[in-house]
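First comes the structure, then the notes that go with it.
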Amino acid sequence: MPLIANNLFFRFNNNQDFLLENINLELHRGECMALLGENGSGKTTLSKLLIGILKPEKGEISIDGEKIRDLPLAKIGERIGYLFQNPNRQLFCSSVEEEVGFALQFRKSERGESEKIVSELLGFFQLDHLRAKFPFTLSQGERQRLALAAIMALDPPFFILDEPTTGLDPRRKEELFFYLQKLLKDNRGILLISHDHDFACNLANQIGELKNGKLETGVIKC
Amino acid sequence: MLKQLDPRSKFVLSGVIATLAVIFNHPFFLAPILILALGLLPFFACNLIQVFSRMRRLLVILGGLVIIQAIFYPGTTYLFTIGEFSFISLEGILQGTSLVLRLFIILCCGLILASSPPAVFVQGLVAWSLPYELAYMVSLGIRFLPLLREEANDVFTALQLRGIDLKRMPWGQQFKIYKSLFFPLVTMAILRSKQIALSMEARAFRAYPRRTFLHSLRLKKMDFTAIFLSIFGGFTLIILHLKGLI
Ligand SMILES: Nc1ncnc2c1ncn2[C@@H]1O[C@H](COP(=O)(O)OP(=O)(O)OP(=O)(O)O)[C@@H](O)[C@H]1O
Ligand SMILES: [Mg+2]
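First to last, the sequence lines map onto chains R and B. In the working numbering, each residue's number is its place in the first sequence (first place is 1) plus 5. In the working numbering, each residue's number is its place in the second sequence (first place is 1) plus 975.
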């Protein structure tokens, strides 16, 4: 079942024009939709609407047939992994290892299972040697990878990634590309917000551009 | 609109009102002062209803203060006596009421001052030759708090999105989470303030003993009127009071 947005209208201030008007989108598992648009066009805002941090003035968002409006954030987080545009804003633990394992320590799981998942993720994102470090002393790219690893821990079926490639070096970017491709093959759905035209074009099978509050699909060609 | 007054005029005005609130002691005098202060606030574009609805809890605490004062303040005229114990003196009630009126008056003074943006406020302080580092620190503090709150908000959003439903968690686990957040959040705040200090210095803050401002402050006719009226009115009332006339 997909992530669906229907006729969304949103503005931050009631006496302003709408920042987002009549937005419709549908994201299925195994598919990647890329969202492009100029600075300030409302990409981040739209993504926050989709995961329920912000509420639309009109319109409805649903995931697997359930309305986002009715779900607590914790339940949404189990279904959609959200990468904040600024990784600093979503790191809050005292060590890298704890950060990745945070979501796991509060759910029932087999002994040793959490450790295994954490080790795998740390290994994949090449954070192994940084295990014990305080997340805020990591480099920008390391923090970005850590934030990614942390949301992957819950293994949600959908991902919304707000500019995941910022701060990554070419090698790390390529690795991220292959990782996202693997997620798609594993039947996950990804909404990718990016300014990186090539990255987006190569990964996505649907490209949308936010412009003057409207979401236009099929305009940008790869 | 009085909101446009120079911050220095606002200082004088609220200073005079606060002084009056400290010198006068009887609710009969404090009440009109409070009414005056409340009457002024709308001219400073302050939405009273909004302010008071945000401070509901404070109002409850203040109500509690009056009651406590009324019960325990030693007086001569008691309203209730049970056996050897006397409760609720008239003096106590007066005292409690004065206290609350006073707090409200000072609150109004704060609101008057807050009607200027922090930057203008700093400029006012500097114009009165307070060292601008100090003035700047004050305003930075004021601005830093909302920033911190916003960051903490984001962290709690991120926390919930990691599948943690704080509301439905047992107390013990909630406590554990708050405890684990404490250290990183504080460290974050410290790193953050260091960053701000650094970027201020990088932009030549404190490099020269004097500085200029983008917009210069100048006292206008309205300011002189406001300053004159508040000082004159304040003095008159205080002198009348000292002579025992009111
Ligand atoms: N909390 C807020 N209150 C008021 N306005 C806001 C708020 N957050 C964002 N905006 C405004 O909404 C508009 C869209 O912001 P948004 O962050 O969604 O843009 P974006 O497309 O993600 O830009 P970028 O490419 O720079 O990340 C901007 O003009 C911004 O100033
Ligand atoms: Mg953005």
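Glycine included, each C-beta is placed from N, C-alpha and C at the ideal position. Because the structure is a prediction, the values reported are computed rather than measured.
Asked                                                                                                                                                                                                          : Found
Terminal residues of the continuous alpha helix (DSSP H) containing R:Asn207?                                                                                                                                  : His202 to Leu208
State the Cα-Cα distance for the pair B:Ser1090 and B:Phe1018, rounded to the nearest angstrom.                                                                                                                : 10 Å
So which residues touch the region around ligand 2, with touch meaning a C-beta under 7 Å from any heavy atom?                                                                                                 : R:Lys48, R:Thr49, R:Gln90, R:Asp167, R:Glu168 and R:Ile198
Could you run through the stretch 1120 to 1137 of chain B and flag, in chain order, every residue whose CB is less than 8 Å away from some CB of chain R?                                                      : Glu1126, Asp1129, Val1130, Thr1132, Ala1133, Leu1134, Gln1135, Leu1136 and Arg1137
Could you tell me whether any non-hydrogen atom of ligand 1 is closer than 6 Å to the CB of R:Gly45?                                                                                                           : yes
With H, G and I counted as helix, E and B as strand and the rest as coil, what does DSSP make of B:Thr1052?                                                                                                    : coil
Rounded to whole angstroms, what's the CA-CA distance from R:Phe182 to R:Glu214? Just pull it up for me.                                                                                                       : 21 Å
Please name the residue, chosen from R:Ile73, R:Phe14 and R:Thr50, that lies closest to R:Ile198 on a Cα-to-Cα basis.                                                                                          : R:Thr50
Going by DSSP in three states, R:Glu214 sits in which element: helix, strand or coil?                                                                                                                          : strand
Residues in its own chain within less than 7 Å of B:Phe1060 by CB, not counting five upstream and five downstream?                                                                                             : none
Determine which residues of the stretch 1155 to 1169 of chain B have a Cβ less than 8 Å from any Cβ of chain R, and write them out in chain order.                                                             : Ser1155, Leu1156, Phe1158, Pro1159, Leu1160, Thr1162, Met1163 and Leu1166
Does DSSP put B:Lys1169 in a helix, a strand or coil?                                                                                                                                                          : helix
Entirely within the stretch 995 to 1079 of chain B and at least 4 residues each: give me those alpha helix (DSSP H) ranges in chain order.                                                                     : 1002 to 1015, 1023 to 1029 and 1031 to 1047
Going by other Cβ atoms of all chains shown within 10 Å of its Cβ, with 16 needed for buried, is R:Tyr87 buried or exposed?                                                                                    : buried
Throw me the rounded Cβ distance for the R:Ser99 and B:Pro1159 pair, which I believe falls under 8 Å.                                                                                                          : 5 Å
Would you give the residue range spanned by the alpha helix (DSSP H) that R:Ser124 belongs to?                                                                                                                 : Glu118 to Phe129
For the beta strand (DSSP E) that contains B:Leu1212, what are its first and last residues?                                                                                                                    : Looking at the DSSP string, B:Leu1212 is not in any beta strand (DSSP E); the run it does join, the alpha helix (DSSP H), is Lys1196 to Leu1217.
Pick helix, strand or coil for R:Gly5, following the three-state DSSP scheme.                                                                                                                                  : As shown, chain R starts at 6 and ends at 227. That puts residue 5 of chain R outside it, with no answer to give.
Establish whether the CB of R:Gln145 and some CB of chain B are separated by less than 7 Å.                                                                                                                    : no
Can you round the beta-carbon distance between R:Phe97 and R:Asp167 to whole angstroms, since I take them to be within the 8 Å contact cut?                                                                    : R:Phe97 to R:Asp167, Cβ: 18 Å. No contact.
Check B:Asp1129 in the structure and name its three-state DSSP category.                                                                                                                                       : helix
Say whether chain B places a C-beta atom closer than 7 Å to the C-beta of R:Gly82.                                                                                                                             : yes
Could you compute how far the alpha carbon of R:Lys80 sits from the alpha carbon of R:Phe17?                                                                                                                   : 25 Å
Taking the beta carbon of R:Thr142 as the centre, do at least 16 other beta carbons fall within 10 Å, making it buried, or is it exposed?                                                                      : exposed
Would a check of beta-carbon distances place B:Ile1139 closer than 7 Å to chain R?                                                                                                                             : yes
If you reduce the DSSP assignment to three classes, tell me which class B:Leu1141 lands in.                                                                                                                    : helix
Runs of 3 residues minimum, wholly inside the stretch 16 to 86 of chain R: which ones carry the beta strand (DSSP E) assignment?                                                                               : 25 to 32, 37 to 42 and 63 to 68
Which partner residues does R:Glu221 have in the DSSP bridge list?                                                                                                                                             : R:Glu214
Does the stretch 1199 to 1209 of chain B come close enough to the stretch 987 to 997 of chain B that 3 or more CB-CB pairs lie under 8 Å?                                                                      : yes
Can you confirm whether the stretch 53 to 72 of chain R touches the stretch 15 to 34 of chain R when touching is taken to mean that 3 or more C-beta pairs between the two stretches lie within less than 8 Å? : yes
If we count Cβ pairs, one from each stretch, closer than 8 Å, do we get three or more for the stretch 1007 to 1026 of chain B versus the stretch 1060 to 1072 of chain B?                                      : no
Return yes when at least one heavy atom of ligand 4 lies under 6 Å from the C-beta of R:Phe14, else no.                                                                                                        : Annotation note on ligand 4: not contained in the displayed structure, which lists ligand 1 and ligand 2 as its ligands.
Please list, in chain order, the chain R residues whose beta carbon lies closer than 9 Å to that of B:Gln973.                                                                                                  : Residue coverage of chain B in this structure runs from 976 to 1221, which leaves residue 973 of chain B outside it and unanswerable.
Can you list, in chain order, the residues of its chain whose CB lies under 8 Å from that of B:Gln1149, leaving out five sequence neighbours each side?                                                        : Leu1141
So with CB distances below 8 Å, who are the chain R contacts of B:Gln1222?                                                                                                                                     : Residue 1222 of chain B lies beyond the range of chain B shown here (976 to 1221); nothing can be said about it.
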